[in-house]
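Encoded as structure tokens, the structure appears first; notes follow it.
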Amino acid sequence: MESIEEIMIKHFRITDPIKAMLERSQAKRCLDGLSIKFPFQLPGTFNPPLPTAEDVLRTLAMYSRPLPVYHYIVMDYVKGQTMSKDLWSSLPGESKAIICSKLGSQLKEFRNLPQPGPDPYYGRVGEKGFASDNLMFMTDLKEINGPYLSYQALVDAMYKAAEAATALMLAQGWIKDVEPYIAELKVFKSTLLRCPPKGQRPTFTHLDLKIENIVVKQVNQSTDYDVTIIDWGSAGWLPAWTDVITLYMRPVSLLEDKTFFETRVGQELDPVDNTVVKFLKETSLPYFFV
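Residue numbers (this note's numbering): 840 to 1129.
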């Protein structure tokens, strides 16, 4: 396997970790210019006001030109409470179970959506690549990643990101015991490639299931709650196990009863390959959360 210095040069062209992180930061500030290429985003548009009927008609007129083709999305405000650690702790057990069940049912429905087009791919909606700051594919933040036309290509890209993030942490001296990280990198690809064909297929995934992206609304003062998933900016077509991992890493890690949350949501889902999920949950690699 290559040395840490060789990996740093391969991904960042330099061996100085501080300069490499600075380059990452500077590149990230330039990402707004890339948003033109992405669905769901307009460059420089943040926290827009709630639309009126006049605004909607104006938007429709603006994008009704024959050429080029524009795509747009009209959104509604979702009523309810944004999930938080404090809100979750205040709920009775029955309400928690209902919320987990409904969340799992929605994720299952997303998985069953057919991917449009004749050829499968791994990427964002509309056969687009992922943003260069997506943690699963992030290396130097200077290019859009994907789409990937095979599971092998997807795993290769994920390995590249894991390798780059690990090298950066090791080069900075944040990690003293190098051997576990090197050992896990060596089996990273082979472990993910052992996933059976059904678990490899691209499914529609949210990919940002932190608790702040879950909105709940109490139904008639009962223990029942409506559950809505928001913030679809990272959504795309990836293996189902990616949502399982992000669900575990993002919201569950903040909750005291995280095992309950994960188990109840998982009860609604079809099983995914446990080998991949177990490896990514237990790995020391700075993957998904660097």
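A virtual CB, placed ideally from N, CA and C, is assigned to each residue, including glycine.
Quiz prompt | Where V1017 falls, given that 16 or more other Cβ within 10 Å makes a residue buried | solution = exposed
Practice problem: Kindly indicate which residue of L1108, F1043, L988, Y1020 has the alpha-carbon position closest to the one of S842. | Solution: Y1020
Self-check item: 6 Å CB neighbourhood of L988 in its chain, flanking five on each side removed
Solution: Y960
Self-check item: Own chain, CB closer than 6 Å to F879, minus 5 neighbours either side, in chain order
Solution: Below a pLDDT of 50, predicted positions are generally treated as unreliable, and F879, at 42, falls in that range; the measurement from the model is reported next regardless. Around F879: G1072.
Quiz item: In three-state DSSP terms, what is W1071?
Solution: coil
Quiz item: Nearest-angstrom Cα distance between Y998 and V1058?
Solution: 44 Å
Quiz item: Does the pairing of the segment 1073-1087 with the segment 1038-1049 give three or more beta-carbon distances under 8 Å?
Solution: yes
Quiz prompt | Inter-residue Cα distance where the pair is R1033 and T1114 | solution = 8 Å
Practice problem: Could you have a look at F949 and say whether DSSP puts it in helix, strand or coil? | Solution: helix
Exercise. Taking all protein chains shown into account, decide if R852 is buried (16 or more other Cβ within 10 angstroms of its Cβ) or exposed.
Key: exposed
Exercise. Would you decide whether W927 is buried or exposed? Buried here means 16 or more other CB atoms lie within 10 Å of its CB.
Key: buried
Self-check item: Neighbourhood of Y1064 by C-beta, 7 Å cutoff - its chain only, sequence neighbours within 5 removed
Solution: S934, I937, I938, V1055, K1056, Q1057, V1058
Quiz item: Would I846 be called buried (16 or more neighbouring beta carbons within 10 Å of its own) or exposed?
Solution: buried
Quiz item: Tell me, which residues are paired with K1056 by DSSP?
Solution: D1065
Quiz item: Out of curiosity, what's the CA-to-CA distance linking D915 and D1070?
Solution: 12 Å
Exercise. Note down, in chain order, each residue of its chain lying with its Cβ closer than 7 Å to the Cβ of V1111, except the 5 sequence neighbours on either side.
Key: G1038, A1079, W1080, V1083
Quiz item: T1132 by DSSP, collapsed to three states: which one?
Solution: With the chain running from 840 to 1129 in the structure shown, residue 1132 is simply not present.
Quiz item: Are the CB atoms of A1001 and T978 nearer to each other than 7 Å?
Solution: no
Quiz item: For G962, which of helix, strand or coil comes out of DSSP?
Solution: strand
Quiz item: In chain order, what residues of the same chain lie with their CB nearer than 6 Å to the CB of E982, ignoring the 5 residues before and after it?
Solution: S971
Practice problem: Within its chain, find whatever has a CB closer than 7 Å to the CB of P931; leave out the 5 residues flanking it on each side and keep chain order. | Solution: T1062
Practice problem: Mind checking which residues open and close the beta strand (DSSP E) that includes F1043? | Solution: 1042-1044
Quiz item: Do you know how far the Cα of G943 is from the Cα of L1086?
Solution: 10 Å
Exercise. Starting from the Cα of D1047, find the closest Cα among P955, I1068, Q920, P856 and give me that residue.
Key: I1068
Practice problem: Using beta-carbon positions only, say whether G827 and N984 come within less than 7 Å of one another. | Solution: In this structure the chain extends from 840 to 1129, so residue 827 is not present and cannot be described.
Exercise. Keeping to the same chain, check which residues put their C-beta closer than 7 Å to that of R1006; ignore five residues upstream and five downstream.
Key: Here the sequence assigns Ala to residue 1006, which means Arg is not the residue at that position. Here the set comprises I843, I846, M847, H850.
Quiz item: Less than 7 Å separating the beta-carbons of F1027 and A996?
Solution: no
Practice problem: Please confirm whether R963 and G1075 have their CB atoms less than 7 Å apart. | Solution: yes
Exercise. Measure the C-alpha to C-alpha separation of T854 and S929 and round it to an integer number of angstroms.
Key: 49 Å
Quiz prompt | Cβ neighbours of F1118 in the same chain (closer than 6 Å, five flanking residues each side left out) | solution = T1030
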